[in-house]
Amino acid sequence: MQQQAMAEQKIHNESHVFPPPQVVILPGPHKTGSTSLQTCLVDWTWNELSKQIRQTKRDQAKHPLVLSKWAWSAPDEAILRRNKLNHVHPTKDFASLMGIVDLDPTLGLSLAGRNETGDVITTEKVYEVVKLYETSMEDAWRRGYNIIYESEEMDRLVDPAHSNSSILMDTILNILPWNATGTPRKLIPNEVEVVLFHRTPRVKHLISVWHQERRKKESFRNYLLKRVSRHARYVDALGIAQQFLRRNFRTTIIDVNGVVETFGNRTNTCHVIACDVLKTEDCTKDTRQISYLTSHPDFDISYKPQNQRDDKSGMDLTVMELYAIDKIMIEYDCGFRKSLGGFRSSSLLRYMYNDDLFAVCDKLKNGTNLPERSLTWMVDNIRGIVKRRQA
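So for the sequence shown, numbering that gives the first Met the number 0 puts the first residue at 0; every next one is plus one.
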């Protein structure tokens, strides 16, 4: 009972409670368990892949969809290939869309044969691809499903190197079934919820990024000096949240470390999303477990941590340097305190599994009134720490 009370206190610390959403957007960012979460969502929701599996595999057909009211509503593979688009895996369908809009053919949904023919992604082609996704969303909505989609590539919204973030944001929002016909359902902005994951300690998030992006035996120091700027967006959950809040979409920020502190290894972000955000009824209150999966362990194949890398070779920074980098990242986050605090007061923003993400700011000099910084500022200051020892 004490554990359940602690869990409830962690979650329901807000003066307001969001109503159940009809659409959920999960923009990551990178290295917050996004690939693992995508795997769960593709397994648990209605989509072309799950439909095909259930038609061909009796052992899965006898089980209900865990999230039976929800659809992972990307176009199916056949439609993509008919439109001369390469397709990697359903879990990366929405990452691929972000790449097309950002004119980046490296994310899987690239023009078939591009390397051989030199095809380019034209404005017309981008429009065609976006329409495919829009049509797929409308089809799922018309069938009566709620919509969920996730891609860590949405963190491109805060990339200082990109000038088309407003176009990307428009695409993310415009493919939703605002104008779907043939259904009495009418989607309104208040039924859309954006959910992001915030990792602490902050420097550990950055180390995870290095583990994923490092080249061969590239040291952490060398990575920070030469290449971290292109991945800084991976650690900017608060900046991404601000972008959606400015468009007046209600937003939830989940503290990943808070989930671990509350439940240990007995639950994961898949179950947290299903139980706390999607309001799935089949959930245990004390551990945030989906009861059906607990009673059918043979079917619980959904959550296997993906893209985990823990190679400690190449870590050539001292503990004090890591501490200094963590402090810079906290200072960057604290610059959002005033802005996000205003959205929280207006009931557009809530935190989960952390009473106050900005409590740590009180330990910094002038931490209650730090200015809003840029990602470039954060990168420059991190490099300054690394360069001091090098000099």
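All C-beta atoms, glycine included, are put in the ideal place defined by N, C-alpha and C. Just so we're clear, the structure is a prediction, and the values are computed from it rather than from any experiment.
Exposure of residue i, with buried meaning 16 or more beta-carbon neighbours within 10 Å
{"i": "residue 322", "result": "exposed"}
{"i": "residue 318", "result": "exposed"}
{"i": "residue 375", "result": "exposed"}
{"i": "residue 135", "result": "buried"}
{"i": "residue 115", "result": "Reliability fails at residue 115, whose pLDDT of 41 lies under 50, so the model's placement of it is uncertain and no value is given."}
{"i": "residue 267", "result": "buried"}
{"i": "residue 16", "result": "exposed"}
{"i": "residue 292", "result": "buried"}
{"i": "residue 77", "result": "exposed"}
{"i": "residue 295", "result": "exposed"}
{"i": "residue 330", "result": "buried"}
{"i": "residue 153", "result": "buried"}
{"i": "residue 123", "result": "exposed"}
{"i": "residue 130", "result": "exposed"}
{"i": "residue 117", "result": "Model confidence at residue 117 stands at a pLDDT of 49, short of 50, so the residue's coordinates are unreliable; what they give is reported in the following sentence. Under this definition residue 117 is an exposed residue."}
{"i": "residue 369", "result": "buried"}
Reduced DSSP secondary structure (H/G/I, E/B, other) of residue i
{"i": "residue 321", "result": "helix"}
{"i": "residue 71", "result": "coil"}
{"i": "residue 97", "result": "helix"}
{"i": "residue 226", "result": "coil"}
{"i": "residue 361", "result": "helix"}
{"i": "residue 289", "result": "strand"}
{"i": "residue 235", "result": "coil"}
{"i": "residue 43", "result": "helix"}
{"i": "residue 380", "result": "helix"}
{"i": "residue 388", "result": "helix"}
{"i": "residue 204", "result": "helix"}
{"i": "residue 391", "result": "As displayed, the chain neither begins before 0 nor continues past 390, which places residue 391 out of reach and without an answer."}
{"i": "residue 103", "result": "coil"}
{"i": "residue 161", "result": "coil"}
{"i": "residue 187", "result": "coil"}
{"i": "residue 18", "result": "coil"}
{"i": "residue 177", "result": "coil"}
{"i": "residue 65", "result": "coil"}
{"i": "residue 36", "result": "helix"}
{"i": "residue 326", "result": "helix"}
{"i": "residue 275", "result": "helix"}
{"i": "residue 368", "result": "coil"}
{"i": "residue 217", "result": "coil"}
Span of the beta strand (DSSP E), counted from its first residue to its last, around residue i
{"i": "residue 271", "result": "Unbroken run through residue 271 is the alpha helix (DSSP H), 268-271; no beta strand (DSSP E)."}
{"i": "residue 280", "result": "From DSSP, residue 280 is part of no beta strand (DSSP E); its letter is neither H nor E."}
{"i": "residue 145", "result": "145-149"}
{"i": "residue 22", "result": "22-25"}
{"i": "residue 349", "result": "348-351"}
Residue i - containing alpha helix (DSSP H), residue span
{"i": "residue 153", "result": "Residue 153 -> no alpha helix (DSSP H), and no H or E assigned at all."}
{"i": "residue 141", "result": "122-141"}
{"i": "residue 169", "result": "164-173"}
{"i": "residue 78", "result": "76-81"}
{"i": "residue 256", "result": "255-262"}
{"i": "residue 341", "result": "336-344"}
Opposing strand residues paired with residue i [DSSP bridges]
{"i": "residue 249", "result": "192"}
{"i": "residue 197", "result": "254"}
Residue i vs residue j beta-carbon contact at 8 Å
{"i": "residue 195", "j": "residue 26", "result": "yes"}
{"i": "residue 139", "j": "residue 72", "result": "yes"}
{"i": "residue 102", "j": "residue 220", "result": "no"}
{"i": "residue 246", "j": "residue 271", "result": "no"}
{"i": "residue 254", "j": "residue 350", "result": "yes"}
{"i": "residue 145", "j": "residue 89", "result": "no"}
{"i": "residue 127", "j": "residue 29", "result": "no"}
{"i": "residue 191", "j": "residue 208", "result": "no"}
{"i": "residue 44", "j": "residue 69", "result": "yes"}
{"i": "residue 391", "j": "residue 242", "result": "For residue 391 there is no data in the structure shown, the boundaries of the chain being 0 and 390."}
{"i": "residue 141", "j": "residue 182", "result": "yes"}
{"i": "residue 335", "j": "residue 280", "result": "no"}
{"i": "residue 239", "j": "residue 356", "result": "no"}
{"i": "residue 197", "j": "residue 236", "result": "yes"}
{"i": "residue 149", "j": "residue 40", "result": "yes"}
{"i": "residue 328", "j": "residue 249", "result": "no"}
{"i": "residue 213", "j": "residue 222", "result": "yes"}
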